[in-house]
Amino acid sequence: MLLVLILLGNWQVQRLAWKLDLIDTVATRAYGEPVAPPVAAADPALHDYLRVRLSGEFLHRETRRVKALTELGAGSWLLTPLETPGGSIWINRGFVPMFSEPGDWTEPEGTQVIEGLLRMTQPGGTLLEKNDPQANRWFSVDVAALDRAAGLISTRDYFVDAADIGAAQLDGAAPWPRSGLTKLTFTNNHLIYAITWYGMALLLMIAVAYAIRFQGFARSRPRGHSIS
146 MLLVLILLGN WQVQRLAWKL DLIDTVATRA YGEPVAPPVA AADPALHDYL
196 RVRLSGEFLH RETRRVKALT ELGAGSWLLT PLETPGGSIW INRGFVPMFS
246 EPGDWTEPEG TQVIEGLLRM TQPGGTLLEK NDPQANRWFS VDVAALDRAA
296 GLISTRDYFV DAADIGAAQL DGAAPWPRSG LTKLTFTNNH LIYAITWYGM
346 ALLLMIAVAY AIRFQGFARS RPRGHSIS
């Protein structure tokens with residue numbers, strides 16, 4: 146039990162380092178000047194959450210919905226490939242409600258200039274729900290699987306979360322999808338969790354030491370004599 150508690154504390158320390166690195170990465174990349182996205186594969190250590198700008202034409206017929214839960218409620222991310230001179234890149238155009246239909250969504254035609262955050266592919270699905278391309282059920286943005294489902298040839302291993310296109314998007318009457326909902330703030334309670342696990346380990350050690358000492362004291366006490 147002591148070993149388990151210590152390992153849990155160590156795990157939270159590792160999670161703390163990861164979370165601090167994520168916060169620093171987002172602060173450094175997400176709010177910088179937009180740059181061109183990588184030509185092919187991206188390096189998570191260099192490109193995740195990088196602000197990028199690209200242009201091309203949307204292939205609306207290949208749009209896919211990916212399950213999402215946001216501050217606006219339950220629904221889907223709207224993923225549409227953008228045909229660029231260097232090939233197709235999937236764009237997360239934003240959130241649409243659960244029961245919305247294609248007629249409720251904007252479908253801009255012609256060349257579009259997109260600014261947003263580069264995000265790495267999310268293969269397979271989630272811990273509890275797996276992507277099912279055959280049934281067109283998507284729970285994560287698996288770029289390779291989306292390419293195969295849409296019949297696209299791409300060497301990318303990333304997609305782009307479109308940035309908010311203006312305050313009018315927040316109006317309840319504004320058309321869908323709603324962009325700019327990428328989560329950029331993260332809770333960080335890992336230090337508290339680590340202290341909790343290490344504290345429990347310390348209390349366990351004290352309890353065991355006390356039990357051993359009490360048992361030794363009880364054995365060392367002389368037995369009383371009965372009076373007849």
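Using this note's numbering, the letters of the sequence shown map in sequence onto residues 146 to 373.
Glycine residues also receive a C-beta, built at the ideal position from the N, C-alpha and C atoms.
Going by other Cβ atoms of all chains shown within 10 Å of its Cβ, with 16 needed for buried, is F359 buried or exposed? exposed
Could you tell me the boundaries of the beta strand (DSSP E) in which E180 lies? Checking the sequence, you will find Val at residue 180 rather than Glu. Careful: V180 lies outside any beta strand (DSSP E) and carries neither H nor E.
Between which residues of its own chain and W342 is the CB-CB distance below 7 Å, once the five residues before and five after are set aside? L150, L153, G154 and Q157
Specify the secondary structure class of Y194 as computed by DSSP and reduced to three states. coil
Examine the Cβ distances between the stretch 180-196 and the stretch 283-303 and report whether three or more of them are shorter than 8 Å. yes
Extract the residue ranges of the beta strand (DSSP E) inside the stretch 258-343, only unbroken runs of 3 or more that lie entirely within it. 303-307
Tell me the DSSP secondary structure of E246 in three-state form. coil
Can you look up T229 in the DSSP assignment and give me helix, strand or coil? strand
Taking just the CA atoms, how far does R160 sit from A312? The predicted model places A312 with a pLDDT of 42, which falls under 50 and marks its position as unreliable; any figure quoted below should be read in that light. The alpha-carbon atoms of A312 and R160 are separated by roughly 35 Å.
Given A411, which residues of its chain have a CB within under 8 Å of its CB, disregarding the five upstream and five downstream residues? With the chain represented from 146 up to 373, any question about residue 411 goes unanswered, as that position is not in the structure.
Just to confirm the assignment, what range does the beta strand (DSSP E) spanning L204 have? Taken as a continuous stretch (DSSP letters only), L204 belongs to no beta strand (DSSP E), as it is neither H nor E.
Under 8 Å Cβ to Cβ from S285, same chain only, skipping five residues before and after it: list those, please. V211, Q267, P268, G269, G270, T271 and N276
In whole angstroms, give me the CA-to-CA distance for A181 and I168. 23 Å
Could you pull out every residue in the same chain whose Cβ sits closer than 7 Å to the Cβ of L336, ignoring the five residues on either side in sequence? L161
For W156, write down the residues that DSSP places opposite it in a beta bridge. Paired residues: none, contrary to the question.
Verify whether the separation of the beta carbon atoms of S233 and L227 is less than 8 Å. yes
What separation, rounded to the nearest whole angstrom, lies between the Cα atoms of A295 and A190? 28 Å
Looking only at DSSP bridge pairs, what is V241 linked to? S221
Within its chain, find whatever has a CB closer than 8 Å to the CB of T215; leave out the 5 residues flanking it on each side and keep chain order. F240 and L326
Residues bridged to R210 (per DSSP): L223
Using the DSSP secondary-structure output, state which residues sit across from I357 in a beta bridge. In DSSP, I357 forms no bridge with anything.
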